[in-house]
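Note sheet for the following structure.
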Amino acid sequence: MTALPEAAIDLATQNVRDILTHAIEHQPTQAAVVVWDGQCALAVALTQAYHCCLPDATFIDFDSVEPATVRAEFERLVPGDLVVLIQSTSFRLDAFRIRVELFKRSLKVIEHPHLSRMPGNEALLYIESLAYDPAYVRGVGHALKARFDSAKVGVINSFGEQLIFSSGFEPAKLNVGDYSQMHNVGGQFPIGEVFTESKDLEALNGRVRLSIFGDTSFTVNKPAHPITLIVQKGRVTGTVDSTPEFDLVLANIRAIEGEIWVREVGLGLNRTFTQDRLVSDIGTYERMCGVHLSLGAKHGSYNKPQIKKAAARFHVDVFAFTETVTLDDEVIYRDGAWLV
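For the sequence shown, numbering that gives the first Met the number 0 assigns the number 0 to the initial residue and increments by one for each residue that follows.
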């Protein structure tokens, strides 16, 4: 394992400090527990950054203790205290769903999962993406929510194709590091996203070109040429210029759910990631400054009469090759940036 350069650790420290101060609002009087592992260079670098920012925290090497030891450290925390999870893969504590249980105890949580998927230069991009600019991300996030919440029609213009949302959108939800109106504080980092979906799932029609998709291994897949997705009444009915990997994604959804719904409209705000600046982990890359959609019936934030939650299994992120986004004929996205 090759350690990341000191400059990267310095940047990670600066970005972590901004997250702790401006997003999480962690106070020196509050306790903190950092659970980490040393299985990849990025995890080691982030652990060093948190050591600098939280010198009085309890640090636990996940691979050197029993699960009961970790749970015991969580038990001694009180509401408002902080837990940081630095994970090369994803920690498992038997049936204990870590983030869910921590939120139930009113603890703040910062989660960095699947770090081993991003080696080398991708690790440097990940560290860059942790930068927290409250004025930008909160300002643009709240402005996008206001626009989408009031819009009657939305159009994704995709270099010759159009995907048209003709019934307006569900009230948008924010992941911008502003937890003042939210029950839980924290979540998976990096952040920077607004998301919604069509108010009427069947009022979505047209075509959209996809430049990137999440494949069956939850890895970012960028085909040599964009894939055109054909959507009728909110369902995928065909493709043009598809690839075997994307065909497999669609086949897996059809096999279980019978049809392929288009649900989430994700509005990424993180300017580190673009169509060309990629990391392999799909859960990280979905914050990319642009538009992503989800394929499959699963989208727990909104209830729809056509969807039975118990049968909804798939939520696959796909990224639109976006020229512009318009709401009621107003252009709100162009040239890779939000215009709000």
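Glycine included, C-beta positions come from ideal geometry on N, C-alpha and C.
The alpha helix (DSSP H) with residue i in it runs from where to where?
i: Glu192; result: Per DSSP, Glu192 belongs to no alpha helix (DSSP H); it is in the beta strand (DSSP E), 192-196.
i: Val43; result: 40-52
i: Asn269; result: Careful: Asn269 lies outside any alpha helix (DSSP H) and carries neither H nor E.
i: Leu200; result: Careful: Leu200 lies outside any alpha helix (DSSP H) and carries neither H nor E.
i: Asp334; result: Where Asp334 is concerned, there is no enclosing alpha helix (DSSP H), given that its DSSP letter is neither H nor E.
i: Ile255; result: 243-256
i: Gly282; result: 281-284
Any idea which residues DSSP pairs residue i with across the strands?
i: Leu81; result: Ala31, Lys107
i: Arg208; result: Thr227
i: Leu294; result: Val261, Val315
i: Gly186; result: Ile109
i: Gln13; result: According to DSSP, Gln13 bridges with nothing at all.
i: Glu329; result: Leu326
i: Asn120; result: BP columns for Asn120 are empty, so no partner.
i: Ile155; result: Leu162, Val324
i: Leu173; result: Val193
i: Phe168; result: Ser197
i: Gly289; result: Gly267
Within 10 angstroms of the Cβ of residue i, are there 16 or more other Cβ atoms? Answer buried if so, exposed if not.
i: Ala6; result: exposed
i: Lys144; result: buried
i: Lys107; result: buried
i: Leu338; result: exposed
i: Ile331; result: buried
i: Asp280; result: buried
i: Glu258; result: exposed
i: Ala67; result: exposed
i: Asp316; result: buried
i: Glu256; result: buried
i: Arg146; result: buried
i: Asp303; result: The amino acid occupying residue 303 in the given sequence is Lys; Asp does not appear at that position. Lys303 should be labelled buried.
i: Leu19; result: buried
i: Pro170; result: exposed
i: Asp275; result: exposed
i: His182; result: exposed
i: Glu192; result: buried
i: Asp36; result: buried
i: His291; result: buried
i: Val64; result: exposed
Look at the alpha carbon of residue i and the alpha carbon of residue j, and state the distance between them as a whole number of angstroms.
i: Phe154; j: Leu326; result: It should be pointed out that residue 154 corresponds to Val in this sequence rather than to Phe. In a straight line, the C-alpha of Val154 is about 7 angstroms away from that of Leu326.
i: Ile211; j: Leu277; result: 10 angstroms
i: Lys221; j: Leu249; result: 16 angstroms
i: Lys198; j: Phe168; result: 5 angstroms
i: Tyr135; j: Asp17; result: 14 angstroms
i: Leu53; j: Ala31; result: 8 angstroms
i: Phe272; j: Ile190; result: 12 angstroms
i: Lys307; j: Thr236; result: 21 angstroms
i: Phe102; j: Gln86; result: 18 angstroms
i: Gly205; j: Ser241; result: 17 angstroms
i: Ala11; j: Ser179; result: 25 angstroms
i: Pro27; j: His141; result: 29 angstroms
i: Val139; j: Glu329; result: 16 angstroms
i: Arg75; j: Lys297; result: 35 angstroms
i: Trp260; j: Glu24; result: 38 angstroms
i: Ala56; j: Glu72; result: 11 angstroms
i: Val184; j: Val239; result: 42 angstroms
i: Phe58; j: Val77; result: 17 angstroms
i: Ile163; j: Arg234; result: 13 angstroms
i: Leu247; j: His50; result: 43 angstroms
i: Thr46; j: Ser165; result: 47 angstroms
i: Leu123; j: Leu129; result: 10 angstroms
i: Ala2; j: Val69; result: 26 angstroms
i: Val230; j: Leu203; result: 7 angstroms
i: Ser89; j: Glu100; result: 15 angstroms
i: Ile252; j: Thr218; result: 17 angstroms
i: Phe158; j: Glu322; result: 6 angstroms
i: Arg137; j: Gly176; result: 7 angstroms
i: Ser293; j: Phe194; result: 11 angstroms
i: Ile97; j: Gln187; result: 12 angstroms
i: Leu356; j: Pro133; result: The requested residue 356 is not part of the displayed model; the chain covers only 0 to 339.
i: Asp62; j: Gln161; result: 49 angstroms
i: His21; j: Leu81; result: 14 angstroms
For the beta strand (DSSP E) containing residue i, name the first residue and the last one.
i: Glu72; result: Unbroken run through Glu72 is the alpha helix (DSSP H), 66-74; no beta strand (DSSP E).
i: Gln161; result: 161-164
i: Lys60; result: Contrary to the premise, residue 60 reads as Asp rather than Lys in this sequence. 57-60 is the span of the beta strand (DSSP E), which, as asked, contains Asp60.
i: Val136; result: Where Val136 is concerned, there is no enclosing beta strand (DSSP E), although the alpha helix (DSSP H) it sits in stretches over 133-149.
i: Thr218; result: From DSSP, Thr218 is part of no beta strand (DSSP E); its letter is neither H nor E.
i: Thr236; result: 234-239
Looking at the ligand COA, does it come within less than 7 angstroms of residue i, judged from the CB to the closest heavy atom?
i: Gly153; result: With respect to small molecules bound, the structure shown includes none, and the ligand COA cannot be examined in it.
Decide if the region 279-290 is in contact with the region 257-269; the criterion is three or more beta carbon pairs, one per stretch, under 8 angstroms apart.
Cβ pair count under 8 angstroms is three or more, so yes.
Would the region 28-44 and the region 112-121 be scored as touching if the rule is three or more Cβ pairs under 8 angstroms?
A contact exists between the region 28-44 and the region 112-121.
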